[in-house]
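A.B. asks:
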Amino acid sequence: MRKLALTILAALLMTALAQVKVVPDYSALGIVPGTPGGTLRLVLGDTPPRFFIYGEISALIQTLTHQMFDPLVTFNLATYEIIPALAASWEVSEDGLVYTFHLRQGVTWHDGVPFSADDVVFTFEQIVTNPEARAGDAAQFTFNVDGVERKVTFAALDEHTVRMTLPVPSPVFILQIRSFPIMPKHKLLHLSVEGGAQPADINNAWPTDGPLTDIVGTGPFMMAEYVPGQLVRLVRNPNYWMVDAAGTPLPYLDMLEYLIVRGTEAQAAQFLAGNVDQLNIGGAQFPDFKSRELAGEPFRVIASVALFGATPHLAFNFNAADPELAQLFANVEFRRAMEHAVDRLRIIEDVYNGLATLPGMGTAPADVTFHEDVTGLMRMFDLEAAGAGLEALGLVDTNNDGVRNISPTRELEFSLTYGSDSRVWTDLATIIQSDFAQAGVRVHLRGVPVAQLLATGLAGDFEAIMIGFGDQPDPELRKPIWQPGGALYYWHRATQPAEPGGQPNFDAMADWERRIWEIFDQGSRMVDHEARVELYREWQRLGAEFLPVIVIAKPNSIGAVHDRVANYIFSLGVIPGYNPVPLFFISE
Amino acid sequence: MLSFTIRRIMIVFPTLVLVSIVSFGVIQLQPGRFTDRYLEDPRFSPETVARLEAQLGLDRPVWEQYWRWVTGIITRGDFGFSFFANRPVTSIIGELLGWTVLIAGLTMLFSWLVAIPLGIYVATRRNGFSDAVASFFGYIGLATPDFLVALLLVALVLNLGGTNVGGLNSPQFIGAPWSWARLIDLLNHLWIPILAVGTSTIAVLMRQMRANLLDVLNADFVRTARAKGLRERTVTYRHAVRNAINPLVSLAGLSLPELINGTIIVSIVLNLPTIGPLLFQSLMAQDQFVAMTMLLFSSLFLMLGNLLADLALAWVDPRIRYD
Numbered sequence: 008m009r010k011l012a013l014t015i016l017a018a019l020l021m022t023a024l025a026q027v028k029v030v031p032d033y034s035a036l037g038i039v040p041g042t043p044g045g046t047l048r049l050v051l052g053d054t055p056p057r058f059f060i061y062g063e064i065s066a067l068i069q070t071l072t073h074q075m076f077d078p079l080v081t082f083n084l085a086t087y088e089i090i091p092a093l094a095a096s097w098e099v100s101e102d103g104l105v106y107t108f109h110l111r112q113g114v115t116w117h118d119g120v121p122f123s124a125d126d127v128v129f130t131f132e133q134i135v136t137n138p139e140a141r142a143g144d145a146a147q148f149t150f151n152v153d154g155v156e157r158k159v160t161f162a163a164l165d166e167h168t169v170r171m172t173l174p175v176p177s178p179v180f181i182l183q184i185r186s187f188p189i190m191p192k193h194k195l196l197h198l199s200v201e202g203g204a205q206p207a208d209i210n211n212a213w214p215t216d217g218p219l220t221d222i223v224g225t226g227p228f229m230m231a232e233y234v235p236g237q238l239v240r241l242v243r244n245p246n247y248w249m250v251d252a253a254g255t256p257l258p259y260l261d262m263l264e265y266l267i268v269r270g271t272e273a274q275a276a277q278f279l280a281g282n283v284d285q286l287n288i289g290g291a292q293f294p295d296f297k298s299r300e301l302a303g304e305p306f307r308v309i310a311s312v313a314l315f316g317a318t319p320h321l322a323f324n325f326n327a328a329d330p331e332l333a334q335l336f337a338n339v340e341f342r343r344a345m346e347h348a349v350d351r352l353r354i355i356e357d358v359y360n361g362l363a364t365l366p367g368m369g370t371a372p373a374d375v376t377f378h379e380d381v382t383g384l385m386r387m388f389d390l391e392a393a394g395a396g397l398e399a400l401g402l403v404d405t406n407n408d409g410v411r412n413i414s415p416t417r418e419l420e421f422s423l424t425y426g427s428d429s430r431v432w433t434d435l436a437t438i439i440q441s442d443f444a445q446a447g448v449r450v451h452l453r454g455v456p457v458a459q460l461l462a463t464g465l466a467g468d469f470e471a472i473m474i475g476f477g478d479q480p481d482p483e484l485r486k487p488i489w490q491p492g493g494a495l496y497y498w499h500r501a502t503q504p505a506e507p508g509g510q511p512n513f514d515a516m517a518d519w520e521r522r523i524w525e526i527f528d529q530g531s532r533m534v535d536h537e538a539r540v541e542l543y544r545e546w547q548r549l550g551a552e553f554l555p556v557i558v559i560a561k562p563n564s565i566g567a568v569h570d571r572v573a574n575y576i577f578s579l580g581v582i583p584g585y586n587p588v589p590l591f592f593i594s595e
Numbered sequence: 150m151l152s153f154t155i156r157r158i159m160i161v162f163p164t165l166v167l168v169s170i171v172s173f174g175v176i177q178l179q180p181g182r183f184t185d186r187y188l189e190d191p192r193f194s195p196e197t198v199a200r201l202e203a204q205l206g207l208d209r210p211v212w213e214q215y216w217r218w219v220t221g222i223i224t225r226g227d228f229g230f231s232f233f234a235n236r237p238v239t240s241i242i243g244e245l246l247g248w249t250v251l252i253a254g255l256t257m258l259f260s261w262l263v264a265i266p267l268g269i270y271v272a273t274r275r276n277g278f279s280d281a282v283a284s285f286f287g288y289i290g291l292a293t294p295d296f297l298v299a300l301l302l303v304a305l306v307l308n309l310g311g312t313n314v315g316g317l318n319s320p321q322f323i324g325a326p327w328s329w330a331r332l333i334d335l336l337n338h339l340w341i342p343i344l345a346v347g348t349s350t351i352a353v354l355m356r357q358m359r360a361n362l363l364d365v366l367n368a369d370f371v372r373t374a375r376a377k378g379l380r381e382r383t384v385t386y387r388h389a390v391r392n393a394i395n396p397l398v399s400l401a402g403l404s405l406p407e408l409i410n411g412t413i414i415v416s417i418v419l420n421l422p423t424i425g426p427l428l429f430q431s432l433m434a435q436d437q438f439v440a441m442t443m444l445l446f447s448s449l450f451l452m453l454g455n456l457l458a459d460l461a462l463a464w465v466d467p468r469i470r471y472d
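Order-wise, the sequence lines are chains A and B.
If you count by my numbering, then the first sequence holds residues 8 to 595, one letter each, in order.
If you count by my numbering, then the second sequence holds residues 150 to 472, one letter each, in order.
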């Protein structure tokens, strides 16, 4: 009897222990067991508009959210494989249609309420797939099957089991799930359709002047304090479910402080003054930082080829308000001519100090699986070729003022929108303006704050614009950007659905756009890996050929970190499911 | 004097009404509306946009929007809604107003405390070496843009190994309860913006003071005072300065809104949570109620500043009395 009791006790104990997540072995990355305690200071580039990640597309909210919330699965930081997070394990049915997630037990929200399958279902049903959630992603969970829109369905089988049923198999589904932090049903129900509100009401969740106690997650850090315009303070979650190899509960840090500092120069000054412990910098700042490091200052600068980092591109508005410009911009020959006027090599040298490479067309060169080298198809800097291309379109300088004419009374001039509070964007814009001028095209610079750049693009409030989108290890994860009609296919808004969640407007698509649409549609469900890779390679070649946008350069990832911070891995901040901060500790 | 003051205070209200009508009209002249960006965005259904417009009152005729805004201010102290931040205007401006007034006030105080004695000093030693030096630095301070001075000071601090390179407080004091240590830390951070903005003000005031004092020192009554046998010190301070300072007092009244709006770039560069950057941002984002409220406050400060200047003038100069 006693033996049975002991056995049962042992079994229960093992089950409980099995639920505690031990960090994978990252010793190859230089990770060592750390000591608890200490404060880490980072920067936030501006005041966050709110604290709810699905209410607005904002890198600021994403940065904070990834410390306070967890997704179901996450990245192994060394191999980029998918490993358990809030989902302790999962199975996929034979036909690839049914995903059953077994949730981690004993996890609680920051306010002590137990985490359960209801929270997961609520997050996906009411928020992520809500077409009116401004930063939701309903399109990822909708599949076009023989002309019919079919959606993924979610169900809570019991307190710790969630089933997701797909209409067709999707090889990247697990990778996609990583992007969605799980939200607390008990705090957000009243803003959801299930709770009786309108679909768009969810966007009003967690304003910056609301009670901070509403913001509860399951993540390593909890919201502690917000000083408007100055600081966001997060404190350690004492009940976090992750431990290190020695059994020490993570995170090591007691406190995480985000200083709100606008502008790259101001952020660099704060780092050099020691007020900020880690900062991601650009090639332009690298020489100054590196020379200080070599002169003995107590920090180190680490540069590496990047997979995720944002690749700036130049986009022309196919649906510009001005019909003559719109017609011109939608003409591929015009875009090809203008590509000849973009001096990528000079930009890499002057703007990034050589710490950048020629870009891929929607993938990073470091992505060995999917990257197709299209540098042979790219049109290199050649002002004569640019001039010839423009002349072939009938754009000649008829009144001899140095600027080509669209018509005898109208010059070829348009505005270029760029991020004005960033050194990199300003330099890029200036170089492009001067090179375009040499090709006889007059460009007016129009600056908007970087925080508003994407919103400006999405609203179509531009003629030409420069924006940067990050890359992902699988192009499927960037489908909203590169698939015509996608929510972020902002340069050709006519292809976007008339109603949110509806079909894209195929009539507005050019032939090559139609083909790219098919590629992404087939790629999202193709199980044969080789064939799938080949499809995406075709997409990249089409992109280089027909130029939806003109990609400029792929910057290296450069991080500066003070010596007191140990276990540092380059911190990508906004990349979902990529949070090395719980591993950092302070060693002075 | 009292009736004068009361009359001046009462004039403030109709003036503000006029200012609000003009600024509302000008902002409406801007092409497009705030909700245009949402109409184009596929994540917003037309129903949601319509509801948003009804909520914000943008579907009403222009005069009705204005009327709703004004009555909101008078009856509820509600200055409208910020479309961009999705919050009432008062909550945004309220966060920043205190710091703005503090920094502007300290800058004015500092400029005056330095400029007036300096102006007096160089006027009494006219064309001497100190006069040339002070004028030289004055012109440099005037010629250099404020934000450049701010950046140069930050670079200087950094090179000397300091840590107060922007913001109001060091990180450990942000949000902390007030103490002497925090106050000293605050002053340690504020000296850069005060100096940056103050240098040009000092230059102007100093030159003005010098010129006025020189005029007065050549006047008959000063000669009489000296002839009476008064000490030079008494002549200068009791008689000459009090007369020379009149025009500067009027200048002071005009400088209050200047300090608030004129520090926009410095605030952006030094990351100060003031309302200057907010005005800039709201105009760019067509956030009409924020912009109008800011303009209203700007006018209010101007009028209050002028009133205070006139009262101060009456206090300084007994010849001036209002009825």
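Built from N, CA and C at the ideal position, the CB exists for glycine as well.
1. Helix, strand or coil: which one does DSSP assign to A/K561?
2. What are the start and end residues of the beta strand (DSSP E) that includes A/P372?
3. Quick check on A/A18: buried or exposed, where buried means 16 or more other Cβ atoms within 10 Å of its Cβ?
4. Residues of the stretch 216–239 of chain A with a CB closer than 7 angstroms to any CB of chain B: list them in chain order, please.
5. Could you confirm whether any beta carbon from chain A is found closer than 8 angstroms to the beta carbon of B/R236?
6. Taking DSSP's pairing of strands, which residues face B/P237 in a bridge?
7. Do A/P258 and A/P589 have their CB atoms nearer than 8 angstroms?
8. On the DSSP letters alone, give me the boundaries of the alpha helix (DSSP H) that A/A327 sits inside.
9. Starting from the N-terminal side, write out each stretch of the alpha helix (DSSP H) that is 4 residues or longer and does not extend beyond the stretch 275–338 of chain A.
10. Just confirm the distance between the C-beta atoms of A/L400 and A/F341, as a whole number of angstroms; I'd bet it's less than 8 angstroms.
11. Taking 8 angstroms as the threshold (beta carbon to beta carbon), is B/N420 in contact with chain A?
12. Please report how far the alpha carbon of A/P235 lies from the alpha carbon of A/A275, in whole angstroms.
13. Label A/V179 either buried or exposed according to how many other C-beta atoms from any shown protein chain fall within 10 Å of its C-beta, with 16 as the threshold for buried.
14. Under a three-way DSSP split, which group does B/K377 fall into?
15. Please classify A/Y61 as buried or exposed, where buried requires at least 16 neighbouring CB atoms within 10 angstroms.
16. A/A18 by DSSP, collapsed to three states: which one?
17. Which residue's Cα is closest to the Cα of B/F322: A/L484, A/E232 and A/F293?
18. I want to see whether chain B comes within less than 8 angstroms of A/V455, judged by CB atoms only; does it?
19. With a 10 Å radius around its C-beta and 16 neighbouring C-beta atoms as the bar for buried, classify A/N407 as buried or exposed.
20. Hey, out of A/G566, A/S531, A/R522 and A/Q510, whose CA is closest to A/G154's CA?
21. Counting only beta-carbon atoms, is A/E132 nearer than 8 angstroms to chain B?
22. Does any CB atom of chain A fall closer than 8 angstroms to the CB of B/G324?
23. Give the DSSP-derived three-state secondary structure of A/L24 in the structure shown.
24. Inspect the beta-carbon positions of A/F58 and A/W213 and report whether they are closer than 8 angstroms.
25. Can you tell me whether DSSP reads A/P587 as helix, strand or coil?
26. Using three-state DSSP, classify A/F228 as helix, strand or coil.
27. Just by C-beta distance, which residues in the stretch 277–303 of chain A are closer than 7 angstroms to chain B?
28. Let me know the secondary structure DSSP gives B/W327 once reduced to three states.
29. In whole angstroms, what is the alpha-carbon distance linking B/I170 and B/Y215?
30. Would you tell me roughly how many angstroms separate the C-alpha atoms of A/S100 and A/P330, rounded to the nearest one?
31. How would you list, in chain order, the residues of chain A whose beta-carbon sits under 7 angstroms from the beta-carbon of B/T312?
32. Which of the three DSSP states is assigned to A/E98 in this structure?
33. Beta-carbon separation of A/A363 and A/K158 under 8 angstroms?
34. For the alpha helix (DSSP H) holding B/N308, just list the boundary residues, first then last.
35. Based on the DSSP secondary-structure assignment, which residues constitute the bridge partners of A/P256?
36. Using beta-carbon positions only, say whether A/P487 and A/L495 come within less than 8 angstroms of one another.
C.D. replies: Reading it off the structure:
1. Position 554 of the first sequence, counted from the start, is the residue given in the question as residue 561 of chain A. The three-state secondary structure of A/K561, taken from DSSP, is strand.
2. Counting from one through the first sequence, the residue named residue 372 of chain A turns up at place 365. Here A/P372 belongs to no beta strand (DSSP E), and DSSP marks it neither H nor E.
3. For this step, residue 18 of chain A is matched to residue 11 along the first sequence. With a pLDDT of 49 at A/A18, under the threshold of 50, the modelled position of that residue is not reliable, and the figure given next carries that caveat. Counting of Cβ neighbours within 10 angstroms places A/A18 among the exposed residues, the total staying below 16.
4. Of all residues in the stretch 216–239 of chain A, only D216, E232, V234, P235, G236, Q237 and L238 come within less than 7 angstroms of chain B when Cβ atoms are compared, listed by chain position.
5. Taking the first residue of the second sequence as position 1, residue 236 of chain B is located at position 87. With 8 angstroms as the cut-off, B/R236 counts as an interface residue toward chain A.
6. As a first step, residue 237 of chain B is located in the second sequence; it is residue number 88 there, counting from the start. Residue pairing by DSSP places B/P237 opposite B/F230 in a beta bridge.
7. As a working note, residue 258 of chain A is residue 251 in the first sequence. As a working note, residue 589 of chain A is residue 582 in the first sequence. Annotated as proximal: A/P258 and A/P589, with beta-carbon spacing under 8 angstroms.
8. Taking the first residue of the first sequence as position 1, residue 327 of chain A is located at position 320. Counting along the chain, A/A327 falls outside any alpha helix (DSSP H), and DSSP gives it neither H nor E.
9. Correct list: 293–301 and 330–336.
10. For the purposes of this step, residue 400 of chain A is taken as residue 393 along the first sequence, with counting starting at 1. For the purposes of this step, residue 341 of chain A is taken as residue 334 along the first sequence, with counting starting at 1. So it is a contact: roughly 6 angstroms between Cβ atoms.
11. Counted from its first residue, the second sequence places residue 420 of chain B at position 271. At least one chain A Cβ lies under 8 angstroms of B/N420.
12. Along the first sequence, one-based indexing puts residue 235 of chain A at 228. Along the first sequence, one-based indexing puts residue 275 of chain A at 268. A/P235 and A/A275 have their C-alpha atoms roughly 21 angstroms apart.
13. By one-based count along the first sequence, residue 179 of chain A stands at place 172. Per the 10 Å Cβ criterion, buried.
14. Counted from its first residue, the second sequence places residue 377 of chain B at position 228. Taken through DSSP and simplified to helix, strand or coil, B/K377 comes out as coil.
15. In the first sequence, the residue the question calls residue 61 of chain A occupies position 54. The residue in question, A/Y61, is buried, as its Cβ has 16 or more Cβ neighbours within 10 Å.
16. Residue 18 of chain A sits at position 11 when you count from the first residue of the first sequence. For A/A18, the predicted model reports a pLDDT of 49, less than 50, meaning its position is unreliable and no value from the coordinates is stated.
17. Against the second sequence, residue 322 of chain B aligns to sequence position 173. Comparing C-alpha distances from B/F322 to each of A/L484, A/E232 and A/F293 shows the shortest one belongs to A/E232.
18. Stepping through the first sequence from its first residue, residue 455 of chain A is reached at position 448. Chain B, which has a Cβ nearer than 8 angstroms to the Cβ of A/V455, makes this yes.
19. The sequence position of residue 407 of chain A within the first sequence is 400, counting from 1. When all chains shown are included, A/N407 counts as exposed.
20. Locating residue 154 of chain A in the first sequence gives position 147, where the first residue counts as 1. Of A/G566, A/S531, A/R522 and A/Q510, the residue nearest in Cα terms is A/Q510.
21. As a first step, residue 132 of chain A must be located in the first sequence, where it is residue number 125. Not closer than 8 angstroms to any Cβ of chain B, the Cβ of A/E132 fails to qualify, so no.
22. Locating residue 324 of chain B in the second sequence gives position 175, where the first residue counts as 1. Chain A contact via Cβ: present.
23. Working through the first sequence from its first residue, we reach residue 24 of chain A at position 17. Caution applies to A/L24, whose pLDDT of 45 falls short of 50 and renders its modelled position unreliable; the model cannot decide the point.
24. As a first step, residue 58 of chain A is located in the first sequence; it is residue number 51 there, counting from the start. As a first step, residue 213 of chain A is located in the first sequence; it is residue number 206 there, counting from the start. In this structure, A/W213 lies closer than 8 angstroms to A/F58 by Cβ.
25. Translated into positions along the first sequence, residue 587 of chain A becomes position 580. The answer is coil: DSSP assigns A/P587 none of H, G, I, E or B.
26. Mapped onto the first sequence, residue 228 of chain A falls at position 221. Here A/F228 carries a strand assignment [DSSP, helix/strand/coil].
27. Look at the stretch 277–303 of chain A: the residues with a C-beta under 7 angstroms from a C-beta of chain B are Q277, L279, A280, G281 and N282.
28. The residue given as residue 327 of chain B occupies position 178 in the second sequence. Coil.
29. Here residue 170 of chain B corresponds to residue number 21 of the second sequence, with the count starting at 1. Here residue 215 of chain B corresponds to residue number 66 of the second sequence, with the count starting at 1. Approximately 8 angstroms between the Cα atoms of the pair.
30. Your numbering for residue 100 of chain A matches position 93 in the first sequence. Your numbering for residue 330 of chain A matches position 323 in the first sequence. So the two alpha carbons sit approximately 52 angstroms from each other.
31. Here the question's residue 312 of chain B lines up with position 163 in the second sequence. Residues of chain A passing the Cβ test: A280, G281 and N282.
32. For the purposes of this step, residue 98 of chain A is identified with residue 91 of the first sequence, where counting begins at 1. Looking at A/E98 - three-state DSSP - the assignment turns out to be strand.
33. For the purposes of this step, residue 363 of chain A is taken as the residue at position 356 of the first sequence. For the purposes of this step, residue 158 of chain A is taken as the residue at position 151 of the first sequence. No, the pair does not count as a contact, with Cβ atoms beyond the cut-off.
34. Sequence index remark: in the second sequence, residue 308 of chain B carries index 159 (1-based). D295 to N308 is the span of the alpha helix (DSSP H), which, as asked, contains B/N308.
35. For the purposes of this step, residue 256 of chain A is taken as residue 249 along the first sequence, with counting starting at 1. For A/P256, the beta-bridge partners assigned by DSSP are A/V250.
36. Locating residue 487 of chain A in the first sequence gives position 480, counting from the first residue. Locating residue 495 of chain A in the first sequence gives position 488, counting from the first residue. The answer is yes: Cβ separation under 8 angstroms.
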